[in-house]
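Chains as they are written, first to last, in the numbering used here: chain A, 1092 to 1444; chain B, 1092 to 1444; chain C, 1092 to 1444; chain D, 1092 to 1444.
Below you'll find the structure, written out as structure tokens, and then a few comments.
Number of protein chains: 4
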Amino acid sequence: MSEPIKVGIVGGSGYAGGELMRLLLGHPKAEIAWVTSRGDKDLEAVHRNLMGTGLRFVREEDAGPCDVAFLCMPSRESMTRAPAYLEAGTKVVDIGSDFRLKDQGLFERVYGGSHACWGLVGESPYGVTELHREAIAGARLVANPGCFAYTTILTLAPLVKAGLVDLDRIVVNGLTGTSGAGAEPKVSSSHSEIANSAFPYNVVDHRHTYEIEQELSGVAVGKVQVHFTPIFCPFPRGILSVCSGFSTRSVSRDEVLATYREFYAGEPFIDVVGLPKDPAVSWEYLPYPSVAHLAGSNYVQLGVDVDPDRGRIVAIGAMDNLGKGAASSAIQNMNCMLGYSEELGIAGRGLHP
Amino acid sequence: MSEPIKVGIVGGSGYAGGELMRLLLGHPKAEIAWVTSRGDKDLEAVHRNLMGTGLRFVREEDAGPCDVAFLCMPSRESMTRAPAYLEAGTKVVDIGSDFRLKDQGLFERVYGGSHACWGLVGESPYGVTELHREAIAGARLVANPGCFAYTTILTLAPLVKAGLVDLDRIVVNGLTGTSGAGAEPKVSSSHSEIANSAFPYNVVDHRHTYEIEQELSGVAVGKVQVHFTPIFCPFPRGILSVCSGFSTRSVSRDEVLATYREFYAGEPFIDVVGLPKDPAVSWEYLPYPSVAHLAGSNYVQLGVDVDPDRGRIVAIGAMDNLGKGAASSAIQNMNCMLGYSEELGIAGRGLHP
Amino acid sequence: MSEPIKVGIVGGSGYAGGELMRLLLGHPKAEIAWVTSRGDKDLEAVHRNLMGTGLRFVREEDAGPCDVAFLCMPSRESMTRAPAYLEAGTKVVDIGSDFRLKDQGLFERVYGGSHACWGLVGESPYGVTELHREAIAGARLVANPGCFAYTTILTLAPLVKAGLVDLDRIVVNGLTGTSGAGAEPKVSSSHSEIANSAFPYNVVDHRHTYEIEQELSGVAVGKVQVHFTPIFCPFPRGILSVCSGFSTRSVSRDEVLATYREFYAGEPFIDVVGLPKDPAVSWEYLPYPSVAHLAGSNYVQLGVDVDPDRGRIVAIGAMDNLGKGAASSAIQNMNCMLGYSEELGIAGRGLHP
Amino acid sequence: MSEPIKVGIVGGSGYAGGELMRLLLGHPKAEIAWVTSRGDKDLEAVHRNLMGTGLRFVREEDAGPCDVAFLCMPSRESMTRAPAYLEAGTKVVDIGSDFRLKDQGLFERVYGGSHACWGLVGESPYGVTELHREAIAGARLVANPGCFAYTTILTLAPLVKAGLVDLDRIVVNGLTGTSGAGAEPKVSSSHSEIANSAFPYNVVDHRHTYEIEQELSGVAVGKVQVHFTPIFCPFPRGILSVCSGFSTRSVSRDEVLATYREFYAGEPFIDVVGLPKDPAVSWEYLPYPSVAHLAGSNYVQLGVDVDPDRGRIVAIGAMDNLGKGAASSAIQNMNCMLGYSEELGIAGRGLHP
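Laid out in structure tokens, this is it:
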């Protein structure tokens, strides 16, 4: 039996870093070499679920070498770290946003300034494993997708590839759980404020829009324009992406479901929800994805419906924003980069309830 | 000082009936004459907030005469009751759905069968007070709107009237709180199931769609088609309607806000949220409506934004599904029918937090 | 008709201040003269439920005279303000903690230092209206109780007065909603952290313990010692106090209920929950108080049970921590001080759901 | 490598059955042979987290042989099944309540009637692995503890063993999440009803009381009497047991913590939370257990505090009611019965957030 690979986590005090630790503790071929944090908090007090594991934060300057580094950093920070890790022969999965957009002008406009190592952007595949598996397998740097982007790309890819909807008028409403706002306390994500509420934010120009358009345009071979509005909702984990497209031709729900099943055939983490629409039991057997059952997992649920009278196709996707939307997909990409089975360490199912 | 008018509530064991009681207890010119329920439950055990008020359920056959009756009944049931009340000289506000749709063929298709008293439909104004104030003032029967419909109509009316968006491609995602599923326990609205979740339902043909299209087509003087998907969310009360329209011409957020302020000038219950979009404090001062602060009230918050690059206008509306979306708007309509100030008994502000 | 009295609110950016405004807007004999805040936030952005009311924050130095001032300030701050208001002839209700404890040594130990105007403490009744009505009616300064204290005092007063339990071994577990931690964002009250959680805090020496012991010792004519532990719970509003006492003699639930009904006979805001214990329907008709139905109200629900085999009496009380536990009881005390009906402006029932 | 053992689950439509499946899917030495359900629901529609696993419900009469059977059944039903499984050589873990109480008269009184196979009760250890490890290792039938009982026994065992508190006046308040009420929809566990609420139930004679007293009396070598009240709270998963005992002698928090650490030394699933009580950061670093971080896991957090002035020791325990409180502890017991490492398949950490 071979030695486990050594994994480093840069930026471990946030929710994505915590989820990485939780999952890597159970990964059969990886071990956590170190976890960095700039603050002076105690790891077990921040991530109380990890109490008793013995994990501790270190300063990045005290971190030793590792085989794979996960970068969990704010925008415009991972690009200052990635080059050194790559130079040392470490593979890197960036959970931040610095290597996602492949158009330099767009990057500079969206993220406010020039890139510190633009040359690396071209070699780092956008980490939707389902779309870029081969490139990821050969990469030393992967740009893990934004959570809204990942959900929406998976939800719409079969639809735009099949040309079933107008490509420039796709409306996406994305519901996110409160962990999407990060671990830092804020008024709007205080329990008292949000527990009985919901509100839209960044209504017309959320940064993930550009990732979605970039990737779907690649799938569709044609320019895709999405009209995205995120909505902040009172559940801790999860993303629900509700996508409305205007149909280019008459099509039934079953046909669309078949298109999805074919597109994702063999994908280990994607379930197409095809339960029948039976009004009599619709509140017992929901025929569409729901958020809760994916918490803590790398699984995705996709569903569709069709309004033949008004000419609309609705595609719905759900995932855990911290799991498939961040930490577990990063591990899936690591597995892919290392030639392991993609499911290693992340095959656990979500909680119910 | 004149005698208070006597009010009857038909169907008081549900949430709308309970909210009517709560509000009418504080109405200066009305008193609750009776509340009916077909079950054998105790009113104070069902509506524990009313403990100590002395209110009791009676059988409808034991209910005496009253000046105004509120009907809180399932679809296809209020039409079996309204005629007798009207004949007895009682004014009626129907919180159910039997008198909302004004196209007979459409009614029969949407609600599955013929109408018991179609002649009354024509004389009963659709109860969006803001649009039909005069007709309501002269009516003896008012069809109170569905909660999604009320929110969406108010949210979109200024936009479609001003012709700012394409009328046939308006996409609406409506988030509802769990009380929207009624007081009867169901698997999907159990706390364990929904507290960490959200899911869409009736994705392409929700009945409220037809009310929305009917009313907006009236405002727009042109046929409006909305593409509506409701989403079930883990807060007890509230509706958030997020509406995306494709703009017909270039327009700024400020112009659209001005259009809204003008359209609703003088309306006592509508607040246009025009807080500036300042990213630095956006999580402290949300520039859009949010759900929580309207709970228990008759107030509505409306907001807008514009994406000039992609040609989209987003209009957002929020209200309490049981307040303005049912009970308090029914009282507003009663006030209007009786020539009272519309604010009587329903001027209370929502809770924070 | 007489002029409304002018009310000032010192410290209006917190939850208690917001609730005071919400309620005073509907008070028939009072009007809000001014509301102060030290920060530079916009009142309508902080208390979004008050959008459209026209209320604005002012600096305390710009506030004019008023008839009654409510002080909503941190510990050790209202004692620096109260004297000036009293000197100007303004009546004061202190929602803070500076005038509650009547034992100087105890005050200094619990609140860390000497008192700025100890002479006023003696003349300010402890504001449980149900116990000190006459003193409050004649006072110019009232010390409004802490929320845990108010709930627990009302819950236990009949029991200790009747001598039904050992006075030195009463165990109290108090559940509080998240608004109890205040409006300032904190890690532990972030939605992501607390929505699926509950935790005890200040487990053995919470400051409210001393108020409870002071007041119950007065009622019991005998020293009462309570063993109090607060628990932070994921609902925004509410207090549930579960009190266990060891019975001094054999007694039935009905006898204890009768004791409570007699003790609180005629009290407008106290409901003794006496629903029968019927296991068959116990999940439909809870025979004990619950938190939710009191939100936004000044009402209190009390209930009891008896374990004859083990010799324990359990008394349970619930109220809204921001309503009866802070703002609405402060208004009740103001009403009492001014000779108004105590129910003025605060008779509204809680929400359901 | 040996064949995996075959596991059967009798009663798989509830939450405990679902959690067993979720965990057993990842168990390296067990495979799910079959899962029974009496209803006609589809497994993947009931447990949507298991969508795509291929698991299906079967009728019990169609279930084949298995090595270990988990019984997830209502009171008084597993005793009708256990004998046949044992006769067939199958080992049984009963997650129900039929084999927990070892006093026949008490069983008959608490569970209403005689036992179908009392002879088996004596040979089935009470499944707190931490107390009965050796007996469980040699058993063919194990009585898995009730969730409140398990939490409370672990929380109090070191305290009563050390004789630090009066044994007959221990007051326990247990908070349970809503999954504790089961998967069947009920009014009181509807989201609208409980999301903003909390209420006590079975206030003085909850059945788990007897398990707690039985087990703690065994540990203490002296009769222990607990005064237990459960409280229903708005989080889906988790138990928090807050236990107050009157101290028999002066003792410090550190001494009590040391007693706990010694008692549970080497236990793989028990973490004694010994963070310092620092008021300055107490809302960031809670020095006591909290519920959320244990969800989905087999871990337990225990904490203590001491009130020297009033002579009270408080012990606090938290676990996941469906994990350590039901399914994962059942697997721990299975591992123990089969001679496996106890951690097999259940070492995963809880979610944060």
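Backbone N, C-alpha and C fix where the C-beta goes; we use that ideal spot for every residue, glycine too.
Model, not experiment: these values are computed from the prediction.
Item: Going straight from the alpha carbon of residue 1343 (chain D) to that of residue 1397 (chain D), what length do you get?; Value: 6 Å
Item: Determine, using beta carbons only, whether residue 1384 (chain A) comes closer than 9 Å to chain B.; Value: yes
Item: Using the DSSP secondary-structure output, state which residues sit across from residue 1285 (chain B) in a beta bridge.; Value: BP columns for residue 1285 (chain B) are empty, so no partner.
Item: Given a limit of 7 Å on CB to CB distance, which residues of the stretch 1260 to 1272 of chain B reach chain C?; Value: 1270
Item: Just the Cα atoms here: how many angstroms apart are residue 1248 (chain B) and residue 1315 (chain B)?; Value: 11 Å
Item: Is it right to say residue 1171 (chain D) is buried, meaning 16 or more other beta carbons lie within 10 angstroms of its own, or is it exposed?; Value: exposed
Item: Would you kindly work out how many angstroms separate the C-alpha atoms of residue 1230 (chain C) and residue 1424 (chain C), rounded to a whole number?; Value: 10 Å
Item: If you check the beta carbons only, do residue 1163 (chain D) and residue 1204 (chain D) fall under 9 Å apart?; Value: no
Item: Could you pull the start and end residues of the beta strand (DSSP E) that residue 1195 (chain D) belongs to?; Value: Here residue 1195 (chain D) belongs to no beta strand (DSSP E); instead the alpha helix (DSSP H) covers 1195 to 1202.
Item: Could you check the C-alpha separation between residue 1167 (chain A) and residue 1234 (chain B) for me, to the nearest Å?; Value: 55 Å
Item: With DSSP as the reference, label residue 1392 (chain D) as helix, strand or coil.; Value: strand
Item: If we call anything under 9 Å between Cβ atoms a contact, is residue 1193 (chain D) one with residue 1375 (chain A)?; Value: no
Item: How about residue 1295 (chain C): is its C-beta nearer than 9 Å to some C-beta of chain D?; Value: yes
Item: Assign residue 1093 (chain C) to one of two classes, buried (16 or more other C-beta atoms within 10 Å of its C-beta) or exposed (fewer than that).; Value: exposed
Item: For the stretch 1423 to 1438 of chain D, enumerate the residues whose C-beta is nearer than 9 Å to any C-beta of chain A, in chain order.; Value: 1438
Item: CA-CA distance, residue 1265 (chain D) and residue 1404 (chain A)?; Value: 48 Å
Item: If I'm right that residue 1281 (chain A) touches residue 1280 (chain C) with Cβ under 8 Å, what's the distance once you round it to whole angstroms?; Value: 6 Å
Item: Interface residues of chain C around residue 1277 (chain A) at Cβ under 7 Å?; Value: 1276
Item: Between D:1338, D:1353, D:1363, which has its C-alpha nearest residue 1400 (chain D)'s C-alpha?; Value: D:1338
Item: Could you pull out every residue in the same chain whose Cβ sits closer than 6 Å to the Cβ of residue 1111 (chain A), ignoring the five residues on either side in sequence?; Value: 1100, 1161, 1418
Item: Whole angstroms are fine: how far does the CA of residue 1122 (chain C) sit from the CA of residue 1387 (chain C)?; Value: 19 Å
Item: Cβ of residue 1427 (chain B) within 8 Å of any heavy atom in the ligand COA?; Value: No copy of the ligand COA occurs in the structure displayed, which carries no ligand at all.
Item: Should residue 1195 (chain A) go down as buried or exposed, given a rule of 16 or more other Cβ atoms within 10 Å for buried?; Value: exposed
Item: DSSP beta-bridge partners for residue 1182 (chain B)?; Value: B:1159
Item: Terminal residues of the continuous beta strand (DSSP E) containing residue 1399 (chain C)?; Value: Counting along the chain, residue 1399 (chain C) falls outside any beta strand (DSSP E), and DSSP gives it neither H nor E.
Item: Going by CA-CA distance only, name the one from A:1358, A:1377, A:1113 that's closest to residue 1390 (chain A).; Value: A:1358
Item: Under the rule that 16 or more other beta-carbon atoms within 10 Å means buried, what is residue 1385 (chain B), buried or exposed?; Value: buried
Item: Do residue 1261 (chain A) and residue 1317 (chain A) count as a contact pair if the criterion is CB distance below 9 Å?; Value: yes
Item: Could you pull the start and end residues of the beta strand (DSSP E) that residue 1122 (chain A) belongs to?; Value: 1121 to 1127
Item: To which residues does DSSP link residue 1362 (chain A) through a beta bridge?; Value: A:1392
Item: Quick one: complete beta strand (DSSP E) runs, 3+ long, within the stretch 1276 to 1363 of chain D?; Value: 1317 to 1323, 1330 to 1337, 1361 to 1363
Item: Residues of the stretch 1328 to 1354 of chain C in Cβ contact with chain A at a cutoff of 7 Å, in chain order, please.; Value: none
Item: Can you confirm whether residue 1396 (chain D), when its beta carbon is compared against all beta carbons of chain A, has any partner nearer than 9 Å?; Value: no
Item: Are the beta-carbon atoms belonging to residue 1137 (chain C) and residue 1272 (chain C) less than 9 Å from one another?; Value: no
Item: Would you mind stating whether residue 1329 (chain C) and residue 1382 (chain C) have Cβ atoms separated by less than 9 Å?; Value: yes
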